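Undergrad:
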Amino acid sequence: MNTKEDFLNGQILLIDKPLEWTSFQAVNALKWAIRKKFGLKKIKIGHAGTLDPLATGLLIICTGKFTKKIPQLQGQVKEYTGTFTIGSTTPSYDLETEVNETFPIEHITDASIKEATTQFLGEIDQVPPIFSALKKDGKRLYELAREGKKVEVKSRKIEILEFEITRIALPEVDFRVVCSKGTYIRSLAHDFGKALGSGAHLSKLRRTKIGDFNVDNATSPNVFKEKLEVNTST
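Here it is, written out as structure tokens:
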């Protein structure tokens with residue numbers, strides 16, 4: 000296990016973010032554990048790419064001098080797995096908000112679902128969800144959304160490198176996506192529903208890879224804390 004100097008000089012920690020935790024909570028849990036263990040007044044620590052509270056999976060957390068690597072890590076290709084629920088939409092494009100509209104799904108076939116993925120491969124224009132942490136006029140979009148304000152969100156260029164359907168059990172469709180930085184899987188869910196002549200929202204999301212880093216090698220914040228507490232080196 001790492002020493003105080005290791006954390007100060009810089010570590011890349013792979014954390015499997017639990018459901019309903021914010022990315023900030025995960026960073027804070029590690030920060031407090033490291034400070035308490037080594038009696039540090041402060042330590043630089045940050046994550047390389049937010050995960051929504053309703054998503055689980057890989058969060059890269061950098062400490063000490065390695066916080067300088069965050070922009071480089073954030074730019075790497077990411078892989079996600081999850082579930083789209085077809086036939087209904089929500090304002091947030093995921094389960095953070097209630098279903099606001101339902102659509103027919105009787106016309107949808109396994110073939111049409113697989114065919115629809117091809118529309119999204121390569122470089123595409125994607126509109127981020129209104130319920131996102133992006134800023135407009137100094138305010139986060141989700142704050143404006145919760146106030147019921149109409150906001151025009153500009154599209155941005157993203158790239159979908161792989162889009163695979165792994166299970167179909169309507170209304171649920173499981174997927175695996177490999178994509179560029181800045182891709183919103185919630186927006187992909189929303190647009191995928193439209194492509195099927197229906198609607199859809201994201202009902203499950205897990206980040207499995209960032210560049211060469213894999214969630215299989217990650218630990219939960221609680222396991223990290225336990226391992227740190229039993230480690231005696233200082």
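Using numbering that gives the first Met the number 0, you'd call the opening residue of the sequence shown number 0 and step up by one each time.
Even glycine gets a Cβ: it sits at the ideal position worked out from N, Cα and C.
Remember, it's a predicted structure, so these values are computed and weren't measured experimentally.
Three-state secondary structure (DSSP) at threonine 233?
TA: Start at 1 with the first residue of the sequence shown, and residue 233 comes out as number 234. With a pLDDT of 46 at threonine 233, under the threshold of 50, the modelled position of that residue is not reliable, and no figure is offered here.
Undergrad: Looking at phenylalanine 162 and threonine 207, is the spacing between their C-beta atoms short of 9 Å?
TA: Sequence index remark: in the sequence shown, residue 207 carries index 208 (1-based). Sequence index remark: in the sequence shown, residue 162 carries index 163 (1-based). No, Cβ-Cβ distance for threonine 207 and phenylalanine 162 is not below 9 Å.
Undergrad: Locate the beta strand (DSSP E) running through isoleucine 209, then write down its first and last residues.
TA: Translated into the one-based positions of the sequence shown, residue 209 becomes position 210. Per DSSP, isoleucine 209 belongs to the beta strand (DSSP E) from 199-209.
Undergrad: Can you give the Cα-Cα distance for threonine 233 and histidine 46, rounded to whole angstroms?
TA: Against the sequence shown, residue 233 aligns to sequence position 234. Against the sequence shown, residue 46 aligns to sequence position 47. In this predicted model, threonine 233 has a pLDDT of only 46, less than 50, meaning its place in the structure is not dependable enough to derive any value.
Undergrad: Taking the alpha-carbon positions, what's the asparagine 213 to lysine 77 distance?
TA: Numbered from its first residue, the sequence shown carries residue 213 at position 214. Numbered from its first residue, the sequence shown carries residue 77 at position 78. Approximately 10 Å, taken between the alpha carbons.
Undergrad: For leucine 94, collect the residues of the same chain with a Cβ closer than 8 Å to its Cβ; drop the 5 residues on either side in sequence, then sort them by chain order.
TA: Position 95 of the sequence shown, counted from the start, is the residue given in the question as residue 94. If we look at leucine 94 and ignore the five residues flanking it on each side, its Cβ neighbours are Leu53, His200, Leu201 and Ser202.
Undergrad: Would you call the CB atoms of glutamate 105 and serine 87 closer than 9 Å?
TA: The sequence position of residue 105 within the sequence shown is 106, counting from 1. The sequence position of residue 87 within the sequence shown is 88, counting from 1. Going by C-beta atoms, glutamate 105 is not nearer than 9 Å to serine 87.
Undergrad: Which word fits proline 70, buried or exposed, when buried means at least 16 other C-beta atoms lie within 10 angstroms of its C-beta?
TA: The residue you call residue 70 lines up with position 71 of the sequence shown. Its Cβ having fewer than 16 others within 10 Å, proline 70 is exposed.
Undergrad: In terms of residue numbering, what span does the beta strand (DSSP E) encompassing aspartate 109 cover?
TA: Working through the sequence shown from its first residue, we reach residue 109 at position 110. Here aspartate 109 belongs to no beta strand (DSSP E); instead the alpha helix (DSSP H) covers 109-116.
Undergrad: Quick one: using the 10 Å Cβ neighbour count with 16 as the cut-off for buried, is glutamine 24 buried or exposed?
TA: Taking the sequence shown and counting its residues from 1, the one referred to as residue 24 is at position 25. Exposed, by the Cβ-count rule.
Undergrad: Once you ignore the five residues that flank isoleucine 85 on each side, which residues in its own chain have a CB closer than 7 Å to its CB?
TA: Within the sequence shown, numbered from 1, the residue matching residue 85 stands at position 86. Closer than 7 Å at Cβ, skipping near neighbours: Ile104, Ile107, Leu169, Pro170, Val172, Gly192, Leu195, Ser197 and Ala199.
Undergrad: Any idea which residues DSSP pairs lysine 138 with across the strands?
TA: The residue you call residue 138 lines up with position 139 of the sequence shown. According to DSSP, lysine 138 bridges with Lys135.
Undergrad: Where does the unbroken alpha helix (DSSP H) through glutamate 4 begin, and where does it stop?
TA: Taking the first residue of the sequence shown as position 1, residue 4 is located at position 5. Looking at the DSSP string, the run of the alpha helix (DSSP H) that includes glutamate 4 is 3-8.
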